[in-house]
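This note's numbering puts the first residue of the sequence shown at -7, with every later residue one more than the last.
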Amino acid sequence: MDYLAVFTLKNRPEQLVLVLSHPLMAEAGSVVAAPLLDTARFAVASTLNPVFDFGGRQVALATEQLAAIPLKELGQQVTSLEVHEYPIANAINRLFFGI
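Shown next as structure tokens:
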């Protein structure tokens, strides 16, 4: 599993999730992830919800909806957002520390 990997869900292949926990944590059988939601249907808060482009589809990281997801529920890895590590880290900092 890549760092900051984006996966589909097995039971909802149209839904993308970003794995926020480090790949080494997957040994526990689950990961911490947050959904990537279509910006047309999701109210975006700038720092909390960074926006990414997936082939013309604008999606926002719904950081405040993070949850533990069993590995068996993850579908295919689509990409990695490692190049966007800083806005993602800023979103997590905003969620937990208000900064």
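Backbone N, C-alpha and C define an ideal beta-carbon position, used for all residues, glycine too. Only a predicted model underlies this, so the values are computations on that prediction, with no experimental measurement involved.
In the DSSP assignment, find the beta strand (DSSP E) that holds ALA(-3) and state where it starts and stops. For the purposes of this step, residue -3 is identified with residue 5 of the sequence shown, where counting begins at 1. Counting along the chain, ALA(-3) sits inside the beta strand (DSSP E) bounded by residues -3 to 1.
Along the chain, where does the alpha helix (DSSP H) containing LEU87 start, and where does it finish? Sequence index remark: in the sequence shown, residue 87 carries index 95 (1-based). It spans 77 to 89 - the alpha helix (DSSP H) in which LEU87 sits, taken as one unbroken run.
Who pairs with SER22 in a beta bridge, going by DSSP? Against the sequence shown, residue 22 aligns to sequence position 30. Answer is PRO62.
Alpha carbon to alpha carbon, what distance is there between GLU65 and VAL75? Residue numbering aside, residue 75 sits at position 83 when the sequence shown is read from its first letter. Residue numbering aside, residue 65 sits at position 73 when the sequence shown is read from its first letter. Distance between the alpha carbons of VAL75 and GLU65 is about 25 Å.
Cβ atoms of SER22 and ALA60: under 7 Å apart, would you say? For the purposes of this step, residue 60 is identified with residue 68 of the sequence shown, where counting begins at 1. For the purposes of this step, residue 22 is identified with residue 30 of the sequence shown, where counting begins at 1. In contact: ALA60 and SER22 (Cβ atoms closer than 7 Å).
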